[in-house]
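Numbering (the numbering used here), first residue to last: 2 to 169.
See structure below.
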C-alpha cells in the first residue's frame, strides 16, 4: 500500500500483444497475470487460459497458481465491508468466483459475502425474515446474525469492521 492506496502487480507477455494478437481476440487479458500486491509473480503469462465456466467449476486448489488466489487476505481487507447498491454488483457472483479476493461485500442482490470463507448469506428483509440472515448495524459497523431461540429472536455479532464503504 502506498499512501493508503492498495497496490498490485502485473506481469505480461509482450508477444501476446504483438505477433500473437490474433490469438488474443477472444481473451484480451490472457497474456497477463495479476498479483495481489507488488511482490514477485511466478508463472508465465499467455497460453490458453480456462474459461470463466471452467474456473467456476474447478476446485481452486487444482488451478494453476496464476489463476487462483494463494495469498491470505491483507489486514485492510479484514477490516472493511463494502456495501453496494449498484445493480450489477451481486455478492453471489463475487462469492462464486474462485479468483475473487478482497473485503467482505454486500451486493445489490440482498446477499452478504464473507470473503474469508466465501460464504453467501442473505441480508435480513422485513417482508421475508429468514432465520440465520444477517443485519448490518451501520452505527457500530457490525454484521449481526439473526437467530430464533424458542420464541425469541436474537441478533448475535458475526463480524465487526473498522470501515464501511458505500458504493452507489
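All C-beta atoms, glycine included, are put in the ideal place defined by N, C-alpha and C.
If you're wondering where the values come from, they're calculated on a predicted model, not measured in any experiment.
Query                                                                                                                                                                      : Result
Please list the segments of the beta strand (DSSP E) lying wholly inside the segment 72-121, counting only runs of 3 or more residues, in order along the chain.           : 81-85, 105-107, 112-115
Look up residue 147 in the DSSP assignment and say whether it is helix, strand or coil.                                                                                    : strand
Are the segment 125-141 and the segment 89-99 touching, with three or more C-beta to C-beta distances below 8 Å?                                                           : no
Secondary structure at residue 160, three-state DSSP: helix, strand or coil?                                                                                               : strand
Less than 8 Å between the beta carbons of residue 146 and residue 161, yes or no?                                                                                          : no
Are residue 166 and residue 81 touching if we call contact CB-CB under 8 Å?                                                                                                : yes
Provide the residue span of the beta strand (DSSP E) that contains residue 124, from first to last.                                                                        : It is not in any beta strand (DSSP E) - residue 124 carries neither H nor E in the DSSP assignment.
Considering only the alpha carbon of each residue, which of 151, 115, 152 lies closest to residue 135?                                                                     : 115
Let me check understanding here. Comparing Cα to Cα, which of 86, 157, 156 lies closest to residue 109?                                                                    : 86
Are the CB atoms of residue 83 and residue 104 nearer to each other than 8 Å?                                                                                              : yes
Thinking residue 133 and residue 148 are a contact (beta carbons under 8 Å), I'd like their distance in whole angstroms, please.                                           : 7 Å
Based on the DSSP output, what are the partners of residue 131 in its beta bridges?                                                                                        : None; residue 131 has no bridge partner.
Strictly by DSSP, which residues pair up with residue 166?                                                                                                                 : 83
What is the DSSP secondary structure of residue 153, reduced to helix, strand or coil?                                                                                     : strand
With a threshold of 6 Å on Cβ separation, who are the neighbours of residue 163 within its own chain once the five nearest residues in sequence on each side are excluded? : 80
Using alpha carbons as the reference points, say which of 88, 99, 100 lies closest to residue 107.                                                                         : 88
If you draw a straight line from the alpha carbon of residue 157 to that of residue 139, how long is it in whole angstroms?                                                : 15 Å
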